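Quick note, the sequence shown lines up with residues 2 to 453 if you use my numbering. Ideal Cβ positions, reconstructed from N, Cα and C, are used throughout, including at glycine. Since the structure is predicted, the reported quantities are computational estimates derived from the model, not experimental observations.
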Amino acid sequence: MTKDVQSDQYRKMTETPVPALIIRLGIPTTISMLVTNIYNMADTWFVGRIGTSASGAVGVVFGLMAIIQAFGFMFGHGAGSIISRRLGAKDVESAGRIASTGFFCAMAAGALIAAGGFAFMDPLMRLLGSTDTILPYARTYAAFILLAAPFMAGACVLNNILRYEGRAAYAMIGLTSGSLLNIFGDWVLMEAAGLGVMGAGISTAVSQFVSFCLLLYMFLSGKTESKLRLRSFGSFADVSMICQTGLPSLLRQGLGSISTMALNGCARVYGDAAVAAMSIVNRICMFIFSFGLGIGQGFQPVSAFNYGARKYSRVRTGYFFTLGVSEAFLGTLAVAGMFFRSELIAFFRNDPAVIAIGSTALAAQLIALFFQPLTVCSNMLFQSIGQNRTASLLASLRSGVCFIPAILILSSLFGLTGVQVAQTVADIIAFFIALPFAVRFFRVLPPDGAEI
Numbered sequence: 002m003t004k005d006v007q008s009d010q011y012r013k014m015t016e017t018p019v020p021a022l023i024i025r026l027g028i029p030t031t032i033s034m035l036v037t038n039i040y041n042m043a044d045t046w047f048v049g050r051i052g053t054s055a056s057g058a059v060g061v062v063f064g065l066m067a068i069i070q071a072f073g074f075m076f077g078h079g080a081g082s083i084i085s086r087r088l089g090a091k092d093v094e095s096a097g098r099i100a101s102t103g104f105f106c107a108m109a110a111g112a113l114i115a116a117g118g119f120a121f122m123d124p125l126m127r128l129l130g131s132t133d134t135i136l137p138y139a140r141t142y143a144a145f146i147l148l149a150a151p152f153m154a155g156a157c158v159l160n161n162i163l164r165y166e167g168r169a170a171y172a173m174i175g176l177t178s179g180s181l182l183n184i185f186g187d188w189v190l191m192e193a194a195g196l197g198v199m200g201a202g203i204s205t206a207v208s209q210f211v212s213f214c215l216l217l218y219m220f221l222s223g224k225t226e227s228k229l230r231l232r233s234f235g236s237f238a239d240v241s242m243i244c245q246t247g248l249p250s251l252l253r254q255g256l257g258s259i260s261t262m263a264l265n266g267c268a269r270v271y272g273d274a275a276v277a278a279m280s281i282v283n284r285i286c287m288f289i290f291s292f293g294l295g296i297g298q299g300f301q302p303v304s305a306f307n308y309g310a311r312k313y314s315r316v317r318t319g320y321f322f323t324l325g326v327s328e329a330f331l332g333t334l335a336v337a338g339m340f341f342r343s344e345l346i347a348f349f350r351n352d353p354a355v356i357a358i359g360s361t362a363l364a365a366q367l368i369a370l371f372f373q374p375l376t377v378c379s380n381m382l383f384q385s386i387g388q389n390r391t392a393s394l395l396a397s398l399r400s401g402v403c404f405i406p407a408i409l410i411l412s413s414l415f416g417l418t419g420v421q422v423a424q425t426v427a428d429i430i431a432f433f434i435a436l437p438f439a440v441r442f443f444r445v446l447p448p449d450g451a452e453i
């Protein structure tokens with residue numbers, strides 16, 4: 002990459018009007034997340050045609066995918082945040098070293114997870130919430146997810162480095178291509194070839210590998226400022242810095258996996274229909290939330306880059322713009338979803354028990370969408386600018402510190418109703434914890450050019 006191209010990229014990130022820049026970076030990310038969630042929902046739909054126990058297996062294996070992604074996002078967000086701030090400070094050489102270190106660490110972590118998963122398959126599936134009737138389906142599906150684990154973790158790093166460099170369109174190409182391939186693969190392997198859950202697993206594994214290869218090509222073809230070279234692997238200090246910066250992502254995703262275990266564990270008391278219903282509700286809400294999260298991920302490179310360039314007013318503008326857009330989008334979709342709750346659940350599994358449980362849980366989680374943007378935007382802000390302790394605390398709230406006690410206490414007090422409303426209660430508590438951190442940050446944010 003030439004010096005002129007690097008200068009143009011610097012000017013784009015520090016001079017383009019903030020709302021326009023966030024939208025420019027957020028739209029490709031939003032499209033990527035929507036397509037990714039569509040393929041997750043396609044898996045849920047195709048598998049749901051097999052039976053209720055098979056639908057429950059999707060929710061169980063979702064917890065396994067969250068574990069893999071936890072490490073991928075730790076190295077990806079950790080490396081990406083550092084890279085963006087280094088590029089903002091015009092330190093291209095160390096940005097490349099951080100990129101190589103994060104990428105190879107993620108690949109190694111994925112391989113270790115795969116080895117451990119195959120060695121302890123049945124205990125792991127039961128830990129993730131599988132019942133005896135769900136276990137055969139979960140075991141089959143999980144085997145292919147584990148085979149793809151190194152590529153899934155590596156793709157998380159490549160995707161996030163591209164985003165943090167301000168090249169979200171390249172990341173979109175890699176992610177959406179794999180996601181569309183997965184949807185097509187589900188149809189071919191599950192419907193045409195009649196492979197059932199095995200077909201869903203094969204399709205997911207192949208699509209993850211294809212996404213990985215496309216994202217890697219962006220680096221190998223010289224389209225990025227960061228270069229991936231094994232000889233550029235950094236020191237232990239670099240690994241430690243990446244892990245510390247990415248810790249909020251590990252906590253967010255890792256606690257998400259633990260929360261899935263707790264959710265499935267509490268739900269399975271009420272049968273496979275409850276596990277399937279909560280799995281479907283989570284997929285629907287993640288699809289809706291991807292609108293707000295995509296714009297938020299457009300904000301991350303803007304905040305990191307401009308914080309590194311000491312253009313703090315742009316960080317402030319970006320935060321409040323992102324928060325406002327996310328609230329408007331999610332609020333509109335939440336209200337619309339309230340009118341079609343039962344129909345949405347029935348689309349994935351037309352089972353009266355699943356619909357009855359799922360429609361109530363979906364109503365509660367749609368209410369929670371109004372409280373999520375501030376918590377998530379604040380978490381993204383603090384992680385992007387390197388305030389790791391605050392970011393780690395905020396990342397641990399809605400899927401861990403608040404949710405796990407909520408579901409354990411509420412399910413014991415109110416039974417199935419407690420399972421259905423636990424996420425909403427956790428999101429409301431997380432909102433009120435995150436609010437004072439955001440207020441204090443902007444009160445003490447210095448003027449542009451000042452050194453912090």
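query	result
Sort Ala431, Ser85, Thr31 and Leu136 by Cα distance to Ser400 and report the nearest one.	Ala431
Over the uninterrupted alpha helix (DSSP H) stretch that includes Gly325, give me the two end residues.	Tyr313 to Met339
Can you tell me which of Ile410, Gly103, Ile84 and Tyr313 puts its alpha carbon nearest to the alpha carbon of Ala154?	Gly103
Can you find the residues in the same chain that come closer than 6 Å, C-beta to C-beta, to Gly299, ignoring five residues on each side of it along the sequence?	Ile23, Leu26, Gly27 and Thr30
Just the Cα atoms here: how many angstroms apart are Gly111 and Phe72?	8 Å
Mapping the DSSP letters down to three states, classify Gln254 as helix, strand or coil.	helix
Along the chain, where does the alpha helix (DSSP H) that runs through Arg302 open and close?	Rather than Arg, the amino acid found at residue 302 in this sequence is Pro. Start and end: Asp273 to Gly309.
Quick one: grab the DSSP three-state call for Gly60.	helix
Within the present structure, is the beta-carbon of Gly332 separated from the nearest heavy atom of the ligand MG by less than 7 Å?	No copy of the ligand MG appears in this structure; indeed no ligand is present at all.
What residue ranges within the segment 365 to 406 form continuous alpha helix (DSSP H) runs of no fewer than 4 residues, ordered along the chain?	373 to 385 and 389 to 396
For Ile289 versus Gly338, is the C-beta spacing smaller than 8 Å?	yes
Give the DSSP-derived three-state secondary structure of Gly186 in the structure shown.	helix
Which same chain residues end up closer than 6 Å to Tyr308 when comparing Cβ atoms and leaving out the 5 residues on each side of it in sequence?	Val316 and Ile386
Counting Cβ pairs closer than 8 Å, one from the segment 236 to 252 and one from the segment 73 to 81, do we hit at least three?	yes
Look up Ile259 in the DSSP assignment and say whether it is helix, strand or coil.	helix
Can you tell me whether DSSP reads Lys13 as helix, strand or coil?	helix
So, with DSSP's three-state summary, where would you put Ala90?	coil
Nearest-angstrom Cα distance between Pro437 and Leu128?	36 Å
With distances taken between CB atoms, is the gap from Gly167 to Phe306 smaller than 8 Å?	yes
What's the C-alpha gap between Ala100 and Tyr218?	15 Å
Ordered along the chain, which non-local residues of its own chain (more than five positions away) have a Cβ less than 7 Å from that of Thr134?	Ser54 and Asp273
Three-state secondary structure (DSSP) at Gly130?	coil
Are there 16 or more other CB atoms within 10 angstroms of the CB of Thr205, so buried, or fewer, so exposed?	buried
Under 8 Å between the Cβ atoms of Gly175 and Ser208?	no
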